[in-house]
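This report refers to the structure that appears directly beneath it.
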Amino acid sequence: LQSERCRLENLHLCYMGIEDGSAEILARGLVGNKTLKYLHLFDEDEEHISITPAGWSAFSKVLCDTSTINNTYVSNHNIQELWEGGYGNWDVYYEDYYENMGQYESIRQNLSLYLQLNKQHPQH
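One gets this note's numbering by counting positions in the sequence shown from 1 and adding 652 to each.
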């Protein structure tokens, strides 16, 4: 995904049992990617998603890393959809959603905003 020669625009990893560790590795692989627009991690079947706020935060940081001006500039501004439909129905997919509602809502709002901005202002 980080290669200059990567031409992949759409990656479906549905039903792969993606968890936090896998999500963080995948997110790191997206740093510098210039082509991927659609990354689907799950479908309507809620049994195949085990990403907690920690895993989703990794994607949030890749989409808009505000730690420095340069990191913000080189953040991935290409991804337009991060799960099926682009916005997901979060309260259906998380067993512990209600226990961690504040964390999920904050991350969901950030990811939705970053994806919306990428869609409205594509870089390539």
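C-beta: ideal position from N, C-alpha, C; glycine also.
Residues bridged to residue i (per DSSP)
{"i": "H692", "result": "H664"}
{"i": "E671", "result": "S702"}
{"i": "E676", "result": "Bridge partners of E676: none, in fact."}
{"i": "E733", "result": "Y690"}
Contact belief for residue i with residue j at Cβ below 8 Å, rounded distance in angstroms
{"i": "L682", "j": "N728", "result": "5 Å"}
{"i": "E656", "j": "I703", "result": "Actually they do not touch by this definition, with Cβ atoms about 29 Å apart."}
{"i": "K686", "j": "N730", "result": "6 Å"}
Chain-order list of residues whose beta-carbon lies under 6 Å from that of residue i (same chain, five-residue window excluded)
{"i": "Y690", "result": "N662, E733"}
{"i": "G737", "result": "Because G737 carries a pLDDT of 34, less than 50, the predicted location of this residue cannot be relied on, and the following value inherits that uncertainty. Correct list: empty, nothing qualifies."}
{"i": "G740", "result": "In this predicted model, G740 has a pLDDT of only 44, less than 50, meaning its place in the structure is not dependable enough to derive any value."}
{"i": "H664", "result": "H692"}
{"i": "K771", "result": "Q732"}
Reference residue i; option with closest CA among the options
{"i": "T684", "options": "S702, E671, C658, P705", "result": "According to the sequence shown, residue 684 is Gly rather than Thr. Nearest option by C-alpha distance: C658."}
{"i": "L715", "options": "P705, A679, G707, A706", "result": "A679"}
{"i": "W708", "options": "S719, H773, Y766", "result": "Y766"}
{"i": "S712", "options": "C666, L769, Y667, H773", "result": "L769"}
Beta-carbon gap between residue i and residue j smaller than 8 Å
{"i": "L688", "j": "L660", "result": "yes"}
{"i": "E676", "j": "A710", "result": "yes"}
{"i": "P705", "j": "Q761", "result": "no"}
Cβ shell of residue i (< 7 Å), same chain only, five flanking positions each side left out
{"i": "D717", "result": "N723, T724, S727"}
{"i": "T720", "result": "none"}
Residues near residue i by beta carbon distance below 8 Å, same chain, minus five either side
{"i": "H773", "result": "H729"}
Chain D within 8 Å of residue i, Cβ atoms only
{"i": "L693", "result": "The chain inventory of the structure shown lacks chain D, comprising one protein chain alone."}
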